[in-house]
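A short worksheet on the structure shown next.
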Amino acid sequence: MRITFTARHFKSSSRLKTHAENQVAKLKKYYDGILDVEIILDYVKQEQVAEMVAKVYGTRLAVVEKSEDMYKSIDLAVEKLERQLIRYKQKLQEFDKERITPIV
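Per this note's numbering, the sequence shown runs over residues 1 to 104.
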């Protein structure tokens, strides 16, 4: 999994970058087919925004979270992306079950 990190309108610390990358790396245990994750951190009108775009086989999953703290925004975005990955994986498994069902 390739992780791309971008900070807009501010200079990010290495600690913040490491935190974001470590949180995103944990997503691999929910779905192994993640190809690429783009992390975009931004300041917008006193809000700190974390945007994440995960590219998986066949689709893109995107989340945006805002809060007063950048670390909290990252954690919330990762939780939301985790739920989307679980739903996507269940959808793939249901599709495989329908395709393999024997015809009697």
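Idealized CB from N, CA, C, for every residue including glycine.
In this text, all values refer to a predicted model and were calculated from it rather than measured experimentally.
#### Entry: Nearest candidate by alpha-carbon position, reference Q46, set K55, K66, R87
Ranking K55, K66, R87 by CA distance to the CA of Q46 puts K66 first.
### Query
Among all the DSSP beta bridges, which residues are the ones paired with E65?
DSSP output for E65 lists A50 as bridge partner(s).
#### Entry: Closest Cα partner of S73 within the set Q48, E82, L81
The residue with the shortest Cα to Cα distance from S73 is Q48.
### Message
Only counting the same chain, and skipping five residues up and downstream in sequence, which positions put a Cβ closer than 6 Å to that of L35?
### Response
If we look at L35 and ignore the five residues flanking it on each side, its Cβ neighbours are K55.
### Task
Enumerate in chain order the residues of its own chain whose CB-to-CB distance from A20 is below 6 Å, with the five nearest sequence positions on each side excluded.
Excluding residues within five positions, the ones whose Cβ falls inside 6 Å are I39, I74.
### Query
Near L81, which residues of its chain fall below 7 Å by C-beta distance, leaving aside the five closest residues on each side in sequence?
Closer than 7 Å at the Cβ level, and outside the excluded window around L81, lie L27, M52, A54, L61, V63.
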